[in-house]
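Residue numbers (my numbering): 213 to 579.
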Amino acid sequence: MKNIVYYLDGPGGAFKAVEEPMPEPGPGEIRIRMRRTSVCQSDVVIYKVGLPRIKQWPAIILHEVCATVDAVGEGVTKYAPGDLIGIGCDIPCGDLDCIYCGRQGTGDWTSCPNTIATGHEFPGFARTHAILPDWFVELGPIAKFDDGVNPDHACQLEPLACCLEGMTRVNNCIENRIVVLIGAGSQSTYALQCSLAMGARKVILVNRGEDRLQRVLRDFGSERVVGIRWDDNVVSNILEACRPFNEPHFVMMNAPAEAGYRLSTELLGYGTVLDAHAGVKGAGGKPQIQHEVDLNNDIHYKLQCYQATHGSSMHGIGLAHRMINEGMLPLIDKMTNDTERFHHSELLPAIQRAADKDSLKVIINWS
Ligand SMILES: [Zn+2]
Ligand SMILES: [Zn+2]
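Quick look at the structure:
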């Protein structure tokens, strides 16, 4: 049997399927057989304009993945053939002595100066089989699912982990609290489902486009969910929806636009935690967004908290694994409708579909 590897020749280019010899796992390594990959908005960006982190073209992209362990090398005891696993995107740097990524490390590998990620510096999973090296197997973000877990859910481990990193970096801001989600893309839709699962009092979903807002409200709404159009009255409408409170407790900024940051800071009141979740990149790179904070009044007396996460560490992977493994997100199948399912021979149409304004989560089937 051959390994089919899809190489993207360059930004805006074509995927070329190459048949390569099936690799054999060495000591400490495992070979995985891809089951599903889901498409991240970063894959859409990489496809359209590339990314400085990808230095070598042709490149193997796609990082949201679940796979079945296919063969294990000598000495591997954690995994066995047949195991269904999900894999994080941010991975250890490979230095076993690293204070972030190594054996005694914190697992916060997004803080490592040598941080790497799958589908970026490390080849992605647009291939039927892959070898995971020994350090990846020992220390990497690999979560094993119970028998019977749906691969359509398992492949969403990584985006869900990123979302949960942001929602849990500060304690006590979701359960019994008012949550505002700016933007109605996939990260907000995960956050909405997680907020309900974590016992939020109310979730206020804010979006500019009516189509996606209506899709998310229709499929994920409940009596605890309110949708608000982002128009000229958006700030007063959000604050009105927070009643009897004067402000939200948690604001997650999921719109990759400077305007989203501007809006989010206008919502901060007593005790508000702002998660600056979506990065903002324009044609000219990252803009510098100035915002003045009064450390005495805003931070000390009002207990406001500015925080951000990007990517996921072992913490988020563990939380996301539990959510999926224990079926805590009963509506997750609605992230992907029939127009968002593709076979691996249709990588380009899959990425183009993910770029559509109404799309939530495109899943590619490798089985
Ligand atoms: Zn992703
Ligand atoms: Zn490191």
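Quick reminder that beta carbons are idealized off the backbone N, C-alpha and C, glycines included.
Could you tell me whether any non-hydrogen atom of ligand 1 is closer than 8 Å to the CB of C367?
Here residue 367 refers to the residue found at position 155 when the sequence shown is read from its first residue. The answer is no for C367.
Between P345 and ligand 2, is the CB less than 8 Å from at least one heavy atom?
Position 133 of the sequence shown holds residue 345. Checking every heavy atom of ligand 2 against the Cβ of P345, none is found closer than 8 Å.
What did DSSP end up calling F432 once you bin it into helix, strand or coil?
Position 220 of the sequence shown holds residue 432. In the structure shown, F432 sits in a helix (DSSP, three-state: H, G or I).
First and last residue of the uninterrupted beta strand (DSSP E) at P233
Position 21 of the sequence shown, counted from the start, is the residue given in the question as residue 233. P233 -> beta strand (DSSP E) spans F227 to P233.
The alpha helix (DSSP H) enclosing Y473, as first and last residue numbers:
Mapped onto the sequence shown, residue 473 falls at position 261. Taken as a continuous stretch (DSSP letters only), the alpha helix (DSSP H) holding Y473 covers E470 to T477.
Just grab the DSSP bridge partners of C517 for me.
Here the question's residue 517 lines up with position 305 in the sequence shown. C517 is bridged to V485.
Output the distance between the C-alpha atoms of C406 and E370, rounded to the nearest integer angstrom.
Here residue 406 corresponds to residue number 194 of the sequence shown, with the count starting at 1. Here residue 370 corresponds to residue number 158 of the sequence shown, with the count starting at 1. If you draw a straight line from the Cα of C406 to the Cα of E370, it is about 14 Å long.
Take G262 as the anchor and find which of M246, G222, S250 and R248 has the nearest alpha-carbon.
As a first step, residue 262 is located in the sequence shown; it is residue number 50 there, counting from the start. In this structure, G222 is the residue among M246, G222, S250 and R248 with its C-alpha nearest to the C-alpha of G262.
Is the beta carbon of N508 closer than 9 Å to that of R248?
As a working note, residue 248 is residue 36 in the sequence shown. As a working note, residue 508 is residue 296 in the sequence shown. Cβ atoms of R248 and N508: not closer than 9 Å.
M371: beta carbon under 8 Å from a heavy atom of ligand 1?
Within the sequence shown, the letter at position 159 stands for residue 371. The amino acid at residue 371 is misidentified as Met; the sequence shows Pro. Relative to ligand 1, the nearest heavy atom lies less than 8 Å away from the CB of P371.
For ligand 1, I want to know if S407 counts as a neighbour, meaning its beta carbon is within less than 8 Å of at least one of the ligand's heavy atoms.
By one-based count along the sequence shown, residue 407 stands at place 195. No, Cβ of S407 sits at least 8 Å from all heavy atoms of ligand 1.
Identify the residues that DSSP records as bridge partners of F334: which are they?
On the sequence shown, position 122 is the one that residue 334 refers to. DSSP links F334 through a beta bridge to T330.
Give me the Cα-Cα distance between I450 and P468, rounded to the nearest whole angstrom.
Within the sequence shown, numbered from 1, the residue matching residue 450 stands at position 238. Within the sequence shown, numbered from 1, the residue matching residue 468 stands at position 256. Each residue's Cα considered, the two are about 19 Å apart.
For Q192, tell me which candidate among L486, G395 and R455 has the shortest Cα-Cα distance.
Here the chain has residues from 213 to 579 only, and residue 192 is not among them.
Closest to M246 by CA distance: which of K573, Q500 and L274 is it?
For this step, residue 246 is matched to residue 34 along the sequence shown. Of K573, Q500 and L274, the residue nearest in Cα terms is L274.
Sorted by chain position, which residues of the same chain lie with C-beta nearer than 8 Å to K569's C-beta, five sequence neighbours on each side aside?
Along the sequence shown, read from residue 1 onward, the residue named residue 569 stands at position 357. For K569, same chain residues with a beta-carbon under 8 Å away, outside a window of 5 residues either side, are G421, D423 and R424 in chain order.
Just curious, the alpha helix (DSSP H) that M379 is in, first and last residue?
For the purposes of this step, residue 379 is taken as the residue at position 167 of the sequence shown. Counting along the chain, the alpha helix (DSSP H) containing M379 begins and ends at L369 to T380.
Roughly how far, in whole angstroms, is the beta-carbon of P353 from the beta-carbon of G300, given that I think they are within contact range, below 8 Å?
On the sequence shown, position 141 is the one that residue 353 refers to. On the sequence shown, position 88 is the one that residue 300 refers to. In this structure P353 is in contact with G300, their Cβ atoms being roughly 3 Å apart against a cut-off of 8 Å.
Check whether the Cβ atoms of L417 and L404 lie closer than 9 Å to each other.
In the sequence shown, residue 417 corresponds to position 205, counting from 1. In the sequence shown, residue 404 corresponds to position 192, counting from 1. The answer is yes: Cβ separation under 9 Å.
Tell me whether Y219 counts as near ligand 2, meaning its Cβ is closer than 8 Å to at least one heavy atom of that ligand.
Here the question's residue 219 lines up with position 7 in the sequence shown. Distances taken from the Cβ of Y219 to the heavy atoms of ligand 2 include none shorter than 8 Å.
List the endpoints of the continuous beta strand (DSSP E) containing R279.
As a working note, residue 279 is residue 67 in the sequence shown. According to the sequence shown, residue 279 is Ala rather than Arg. For A279, the enclosing beta strand (DSSP E) begins and ends at E276 to V284.
Should D346 go down as buried or exposed, given a rule of 16 or more other Cβ atoms within 10 Å for buried?
Taking the first residue of the sequence shown as 1, we reach residue 346 at position 134. Counting other Cβ atoms within 10 Å of its Cβ, D346 reaches 16 or more and is therefore classed as buried.
Please name the residue in E435, T330, H365 and M465 whose C-alpha comes closest to that of A453.
Locating residue 453 in the sequence shown gives position 241, counting from the first residue. It is E435 whose Cα lies nearest to the Cα of A453.
For my contact list, A342 and G298 are in at a C-beta cut-off of 8 Å; report their separation, rounded to the angstrom.
If you number the sequence shown from 1, residue 342 lands on position 130. If you number the sequence shown from 1, residue 298 lands on position 86. Incorrect: roughly 14 Å between the Cβ atoms, too far for contact.
Have a look at A279 and S250 and give me their C-alpha separation to the nearest angstrom.
Here residue 279 is taken as the residue at index 67 of the sequence shown, counted from 1. Here residue 250 is taken as the residue at index 38 of the sequence shown, counted from 1. Between the alpha carbons of A279 and S250 lies a distance of about 12 Å.
Thinking C-alpha only, which one of I242, V415, Y482 and R430 is nearest I386?
Within the sequence shown, the letter at position 174 stands for residue 386. Among I242, V415, Y482 and R430, the Cα nearest to that of I386 is on V415.
Could you pull out every unbroken beta strand (DSSP E) segment of at least 3 residues lying fully inside the segment 378-423, listed in chain order?
Given a length threshold of 3 residues, each whole run of the beta strand (DSSP E) inside the segment 378-423 is given here in chain order: 390-394 and 414-419.
Near D282, what residues of its chain come up, given a Cβ to Cβ distance below 7 Å and the 5 sequence neighbours on each side ignored?
The residue labelled residue 282 in the question sits at position 70 within the sequence shown. Excluding five sequence positions before and after D282, the CB atoms of its chain that fall closer than 7 Å to its own CB belong to R243, I244, R245, P293 and H341, given in chain order.
Taking only the alpha-carbon atoms, compute the straight-line gap between L587 and M213 and give it to the nearest angstrom.
Residue 587 cannot be examined here, being either before or after the span of the chain that is shown, 213 to 579.
Output the distance between the C-alpha atoms of R430 and V463, rounded to the nearest integer angstrom.
Within the sequence shown, residue 430 is the residue found at index 218, counting from 1. Within the sequence shown, residue 463 is the residue found at index 251, counting from 1. Each residue's Cα considered, the two are about 22 Å apart.
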